[in-house]
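Protein chains in written order, with our numbering: chain A, 25 to 204; chain B, 192 to 532; chain C, 13 to 425; chain D, 32 to 191.
We put the CB at the ideal spot given by N, CA and C, even for glycine.
Note sheet for the following structure.
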Amino acid sequence: MPPQPVHKRVHPRGVFSRFKGNIEAITIGVKFFFNPERSTLIYPKEYIKLKDGYRGFIVLIKDKCINCGSCARICPAAAMKLIRLPFTDPKTGRTRMKLWPVINYNRCIFCGYCVDVCPTEALYHVPYHDVVWDTMEEAETDLEKFQKPPEWKTEKEGIPVRYVFDEKKGLVKVRVEGEE
Amino acid sequence: MGALEILWKIISWPPLWQLIVLGLIVPLLVVIYILWFERKTAARVQRRIGPLHVSPKIAGGLQLLADLIRYSFQEIIIPKTVDKAAFISAPLIALILSILPVVGVPFTDKPEWFPIPMDYSLLVVLALVTLSPIFLIVAGWASNNKFSIIGGMREAFMITAYELIIIVSVASAGVAVGSYNIVDIVHAQTGWKLLGLLNPIAFFTAFVGVLLATSGFPFEIPESEHEVVAGAFTEYSGLMYGINMGAAYLKRMVYSIVLSVAFLGGWLPYTPGEGFVSGYLIPSIVIMVKATILMMIFSFLRAVYGRYRLDQALDLAWKIMFPLAAIGFGLSLAEAYLGIF
Amino acid sequence: MSGFVRGSVGYNDLGLPGMWTRRIGKDVYEVFIGPQHPGSGHTRIIIWVDGDIIVDSEIDMGYVHRTMEKLSEGRQWIKAIPLFERMAIHDACNVTLPYVRAVEKLLDVEPPERASYLRVLLCEINRIAAFLYGFGIFGVFLGHSTMYMWPFGDREVWVELAEWLTGARLTHTYPVFGGVRRDVPAGFTDALRKAIRYMRRRLEDYRKIFVDNPVIRSRLEGVGVIPKKIAVELGITGPNLRASGVEYDVRMNHPYEVYDRLDFEIPVFEEGDAYARVLQRVEEIKQSLRILEQVADWLDKHEKTPIMAEKFWKTAPPLYKKVFQEQGRVKLPATFAIMKVPAGKAYERGETARGEISYYVESNGANKPYRVRIHSPSARNAIVFKYILPGHRVMDLPAIYGSIDYFPPEADR
Amino acid sequence: MNAQELVERIKAVLGDTVKKIEVHKGEDYIEVEVDKDSIIDAARKMKEFGFDHVHDLTVVDYMKEGYFRVIYNLGSYTVKELSYFIVGLAYNIPRDNPQTVSLTRVYTTAEFQEREAFEGFGVIFEGHPDLKPLLLAPPVAEQRPLRKDFIVKEEPEIKR
């Protein structure tokens, strides 16, 4: 059934509803004052352990890469670049120049196009994105750096938590323990 | 008489005591507590945690001290275009004047501990509390900033709204008892004959009046952030801004003290005895606790209400609160006639 | 009445609103609200006040302008999706969907049914999140700090859902040409139902503390009234238009995706004041929850079928199909990066949280758009500040600004 | 009502002023090309017909052909059967002398949109009450950034 318009009107206001409104507002304030339903994340003492499939930092598996360059071509922010590096084929022993992707996290917008367009699944996301670099140069990767995930300090220092959906409280913070 | 004894005599001279304890130490502690409470209560209602990082063990209690230190070390910027003398002096005078009314409040019924013994103390207090808003307007005017001037003008409008309400409704306490001496008013309330219970209308109007006067929610109009940035304080920075804000809270404290002696029975149910502890310390603590509870209620309302429009606040003050205050006054007269006190 | 002019408009013969005010003279104060003002966002509203009454006003936008129309001409078709998303990142799916649909029109591609449902799913999640965002901003404009924190906290529920579905909190880049990028993960619909029930309960709390709060009602009732005729004349859009009594919603008048198969209402309020606009948004959240329930039911009942159009999915290698089966993730065809779109023009619109967004897309057969013209809802609503503000008090400015739910990055594009 | 019927009705409403009518993909967008001189007249007629607001004002720069195409995309809020469609009221103006008339007297909605077209393309709308840049700062607007000869430099994909 297609949507239908329904006309509504603002309910009028009288002395009684004013009084009732005040009482209701104060009551609910008092209710939350005595029973605060907090869900604040005390970052970085706690950090969210993100779900699988989160589009975080991108890592290259060099062995799978076929140097097609699709990732760089589809990158909307021009963060993924192709660099020319010599590559020695282990079978034939011949050295050729090949195009390899590297990423510049100063520009990356984490859209995940590169991961999704890669025909051999040579790129994958790691489920975090909160890393601080001291300089802009550090955020640029070379081919070596691109092959391992960036160092995640938050994980070492904080307690992993996860938010669970709840009917009463919306999101409930749960500690993640013993999950590896 | 040794030198120590003379020194002790000087220090324990009530007016000096009042100056140090009630004028400096107690307000600082109370304001720090109230600011902390205000932030924490808002956080609780809003499902947050509130200040935490400075001292997590006592729920961020030292956050305010940290803020204070930060304020003190911030650069005080005085723009070129302001009227310097007025710009600097207005907040200082406002600070002094906002705490001044305490001189009229006896915190006990033993005359030797009075700051200044007088027979019309309630009226004197009411007269003194009306002084400080002028300097807020001066501060706004001296800032030479459009938002400051608008904020100052709003404060000027608000004075016309709240002054009469507070005076009429607090004065009705004196009318009911038949004396404007605060000691008499408190004495008359012994035996749970609290004026706040016997004349709830006057208490309510006085409460709303204080909200209006101290720009507490829902009447936070003179410095409403989203229209006039910070009202009269827009150009102030660093400690000067802190002084301005502190003056507002001191004003609220003084009003709360007035309300708690006039309507909530002052140092009752405790009966002051002889000596410093029984005669002065405990009664004043009782009063401060009552005043603090009132201030906590004021702070709590911040979490529940938005702000009224200026004309609506004036409407409410003149069309509803002022007649109510007059009715409260009449109720007090009737109670005095019936001889309840 | 000599010496008095009506409102701000001397040149318009349409009789737009505004009360009788004095001519701008030397006793009129010029106040610049913004762009650094706490109550303006990244825009500037210049008002001329006579006492407490706004005599004339003008909006000066463009502080966060990014020339998206021009930028899109320089990049391939698919690269424009993440770009346009940045207009309103908390409403990302709604904002990009019409562009995707316009290009699909040119490509002659229809998304599969399941993809359509998934698009609607994310659109409605985004819509609720965007409404809650608007409520938060509105609350704090009226000095109601609790109403700032609560919707922002509850918005997290929806953002979390969107993150679970798409892998990103805000800039989902979810719809692509021919379908969507991910299928629903296991257990998603249960969480969605929990979120729906939770939101329904929370709306009652909002009503108590904000919507029915007498202070808020006093601030909003009769303020910023846009009568029906003027709403149409100014061409405002979205909940603001419907709060003025116009029965217009793109989901109803020009149904896209599967909206014509879902059972929901288009609430319409008659009053046209700021309070009606608030209630309008509350009602729309309720309707969005209804839509989400139906989408959740549909997703539970139906098998996992491809969510990419046959044209692109047919040629997909086995690895792609394996990834989809295992992870629910659609690998994009490599042609997307260099895809050429047949020449032609397409016009597509969609209903975002703030109103109707429309894309005029023209292709000349190249791999880049020839011209993309975006008209975003906030840009269409901006005209309100010029014509509705005069005659109100200065303190009504935040009330009107908040009730319009004006979002500068979206208006500036 | 389908698109063909609407085309017939628009023809009847506008009469001779119509130069060309095109129904674009999706059958919901109709482009009506009219004579530049009769645009105000055509707009008045369309407004009476039921297209009560300017949905969007688009200018397309055809640099090679040497003209701008100004398209007033009209929509309807009040007439339900028309609201499905968008009608683009289009006309061409020469690129070297982009002078035209403003429709603000007919459609108040067009005011901000004409300003936007003015800053992006330099199209001068005569009779506009307040023709100045809307989004851009005046020095940037001077360069008419939406014209095709304004090139935005993008980063190449391959690092040298």
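Mind listing the chain C neighbours of residue i? Cutoff is C-beta to C-beta under 8 Å, in chain order.
{"i": "TYR115/D", "result": "ASN265 and HIS266"}
{"i": "PRO413/B", "result": "Near PRO413/B there are no residues of chain C at all, since even the closest Cβ is about 11 Å away, more than 8 Å."}
{"i": "ASP59/D", "result": "HIS266 and TYR359"}
{"i": "PRO409/B", "result": "GLY155 and VAL227"}
According to the Cβ coordinates, are residue i and residue j closer than 8 Å?
{"i": "GLU541/B", "j": "LEU327/B", "result": "This structure does not reach residue 541/B, given that chain B is present from 192 up to 532, and the question cannot be answered."}
{"i": "GLY236/C", "j": "ASP408/C", "result": "yes"}
{"i": "GLN143/D", "j": "VAL90/D", "result": "Per the sequence shown, residue 143/D should be read as Phe rather than Gln. It is not a contact, given that the beta carbons lie outside the stated cut-off."}
{"i": "GLU175/A", "j": "VAL198/A", "result": "no"}
{"i": "GLY407/B", "j": "VAL227/C", "result": "no"}
{"i": "LEU515/B", "j": "THR396/B", "result": "yes"}
{"i": "ARG194/C", "j": "SER300/C", "result": "no"}
{"i": "PHE96/C", "j": "THR79/C", "result": "no"}
{"i": "ILE221/C", "j": "MET159/C", "result": "yes"}
{"i": "ARG33/A", "j": "PHE281/C", "result": "yes"}
{"i": "TYR115/D", "j": "ASN393/C", "result": "no"}
{"i": "ARG366/C", "j": "ASP424/C", "result": "no"}
Use the C-beta contact count for residue i: other C-beta atoms within 10 angstroms, 16 or more gives buried, fewer gives exposed.
{"i": "ALA141/C", "result": "buried"}
{"i": "GLY30/C", "result": "The predicted model places GLY30/C with a pLDDT of 43, which falls under 50 and marks its position as unreliable, so this point remains unresolved."}
{"i": "LYS442/B", "result": "buried"}
{"i": "LEU331/C", "result": "exposed"}
{"i": "HIS49/C", "result": "buried"}
{"i": "THR524/B", "result": "Per the sequence presented here, residue 524/B reads as Leu, with Thr not at that position. With fewer than 16 other Cβ atoms within 10 Å, it is exposed."}
{"i": "MET486/B", "result": "buried"}
{"i": "ARG113/C", "result": "buried"}
{"i": "ASN59/A", "result": "exposed"}
{"i": "MET211/C", "result": "buried"}
{"i": "PHE513/B", "result": "buried"}
{"i": "PRO354/C", "result": "exposed"}
{"i": "SER94/A", "result": "buried"}
Which chain B residues sit within Cβ distance under 8 Å of residue i?
{"i": "PRO29/A", "result": "Ordered by position in chain B, no residue passes the 8 Å Cβ test against PRO29/A, which lies about 31 Å from the chain."}
{"i": "LYS63/A", "result": "The sequence as given places Ser at residue 63/A; Lys does not occur at that position. Those are ARG238, listed as they occur along chain B."}
{"i": "ASP64/C", "result": "LEU501 and ASP502"}
{"i": "SER230/C", "result": "TYR499, ARG500 and GLN503"}
Chain C partners of residue i, CB-CB under 7 Å?
{"i": "VAL183/D", "result": "LYS82, LEU83 and GLY86"}
{"i": "PHE134/A", "result": "ALA180"}
{"i": "TYR129/A", "result": "What TYR129/A touches in chain C: nothing, since even the nearest Cβ is about 15 Å away."}
{"i": "GLY194/A", "result": "ASP166, VAL169 and TYR210"}
Just to make sure I have the definition right: I need the residues of chain C whose C-beta is within less than 9 Å of the C-beta of residue i. Which are they?
{"i": "ASN46/A", "result": "ASN225, PRO226 and VAL227"}
{"i": "GLU145/A", "result": "LEU331, VAL335 and LYS343"}
Check the Cβ of residue i against every Cβ in chain B and list those closer than 9 Å, keeping chain order.
{"i": "ASP408/C", "result": "ARG500"}
CB of residue i to nearest heavy atom of the ligand FAD: below 7 Å?
{"i": "HIS266/C", "result": "Summarising the ligand content, the structure contains no ligands, and the ligand FAD is consequently not present."}
Which chain A residues are close to residue i, counting only those with a beta carbon under 7 Å from its beta carbon?
{"i": "ARG235/B", "result": "PHE56, PHE57 and PRO60"}
{"i": "THR483/B", "result": "Chain A residues near THR483/B: none, gap ~16 Å exceeds 7 Å."}
> What residues in the stretch 335 to 350 of chain C have a beta carbon less than 9 Å from any beta carbon of chain A?
Replying inline: Along the stretch 335 to 350 of chain C, the positions whose C-beta sits under 9 Å from a C-beta of chain A are VAL335, GLN339, GLY340, ARG341, VAL342, LYS343, LEU344, PRO345, ALA346, PHE348, ALA349 and ILE350, read in chain order.
> Are there three or more Cβ pairs, one per stretch, closer than 8 Å when the stretch 285 to 301 of chain B is compared with the stretch 351 to 360 of chain B?
Replying inline: No: fewer than three Cβ pairs fall under 8 Å.
> Is the stretch 66 to 73 of chain D touching the stretch 123 to 135 of chain D, taking contact as three or more C-beta pairs under 8 Å?
Replying inline: A contact exists between the stretch 66 to 73 of chain D and the stretch 123 to 135 of chain D.
>> I want to know whether the stretch 287 to 307 of chain C touches the stretch 142 to 160 of chain C - three or more CB-CB distances under 8 Å.
In response: Inter-segment contact for the stretch 287 to 307 of chain C and the stretch 142 to 160 of chain C is present: three or more beta-carbon pairs are separated by less than 8 Å.
>> Closer than 8 Å is the cut-off here; do at least three beta carbon pairs connect the stretch 127 to 146 of chain A with the stretch 97 to 114 of chain A?
In response: Touching, yes.
> Going along the stretch 488 to 507 of chain B in order, which residues come within less than 9 Å of chain A, judged by CB to CB distance?
Replying inline: Listed by position, the residues of the stretch 488 to 507 of chain B near chain A (Cβ gap below 9 Å) are PHE491, LEU492, ALA494, VAL495 and TYR496.
>> Any contact between the stretch 206 to 222 of chain C and the stretch 459 to 478 of chain B? By contact I mean 3 or more CB pairs, one from each, below 8 Å.
In response: Contact between the stretch 206 to 222 of chain C and the stretch 459 to 478 of chain B is absent, because fewer than three Cβ pairs lie under 8 Å.
>> Give me the subset of the stretch 180 to 200 of chain C whose CB atoms are less than 8 Å from a CB atom of chain A, sorted by chain position.
In response: Listed by position, the residues of the stretch 180 to 200 of chain C near chain A (Cβ gap below 8 Å) are ALA180, THR183, THR185, ARG193, ARG194 and PRO197.
> Pairing CB atoms from the stretch 127 to 138 of chain D with CB atoms from the stretch 146 to 166 of chain D, are three or more of them under 8 Å?
Replying inline: Yes: at least three Cβ pairs fall under 8 Å.
> Quick check: the stretch 179 to 192 of chain C against the stretch 126 to 137 of chain C, are there 3 or more CB pairs under 8 Å?
Replying inline: Result yes; three or more Cβ-Cβ pairs closer than 8 Å.
>> Quick test of the definition: if touching needs 3 or more C-beta pairs under 8 Å, does the stretch 44 to 52 of chain D touch the stretch 382 to 390 of chain C?
In response: Because the criterion of three Cβ pairs below 8 Å is not met, the stretch 44 to 52 of chain D and the stretch 382 to 390 of chain C do not touch.
>> Is it the case that the stretch 262 to 275 of chain B contacts the stretch 427 to 439 of chain B, given that we only count it when at least three CB pairs across the two stretches are under 8 Å?
In response: By the Cβ test, the stretch 427 to 439 of chain B is in contact with the stretch 262 to 275 of chain B, since at least three Cβ pairs between them sit closer than 8 Å.
> Which of the residues in the stretch 247 to 264 of chain C, read from start to end, lie with their CB under 8 Å from any CB of chain D?
Replying inline: Cβ contacts with chain D come from GLY247, LEU253, VAL258, GLU259 and TYR260.
>> Check whether the stretch 152 to 168 of chain C and the stretch 82 to 92 of chain C are in contact - that is, three or more C-beta pairs closer than 8 Å.
In response: With a cut-off of 8 Å, the stretch 82 to 92 of chain C and the stretch 152 to 168 of chain C do not count as touching, because too few Cβ pairs lie within range.
> What residues in the stretch 79 to 90 of chain D bring their beta carbon closer than 9 Å to a beta carbon of chain C?
Replying inline: Across the stretch 79 to 90 of chain D, CB contacts with chain C closer than 9 Å involve ASP83, HIS84, VAL85, HIS86, ASP87, LEU88, THR89 and VAL90, in sequence order along the chain.
> Between the stretch 304 to 320 of chain B and the stretch 377 to 395 of chain B, do at least 3 Cβ pairs fall closer than 8 Å?
Replying inline: The stretch 304 to 320 of chain B, when compared against the stretch 377 to 395 of chain B, does not touch it at the 8 Å Cβ threshold.
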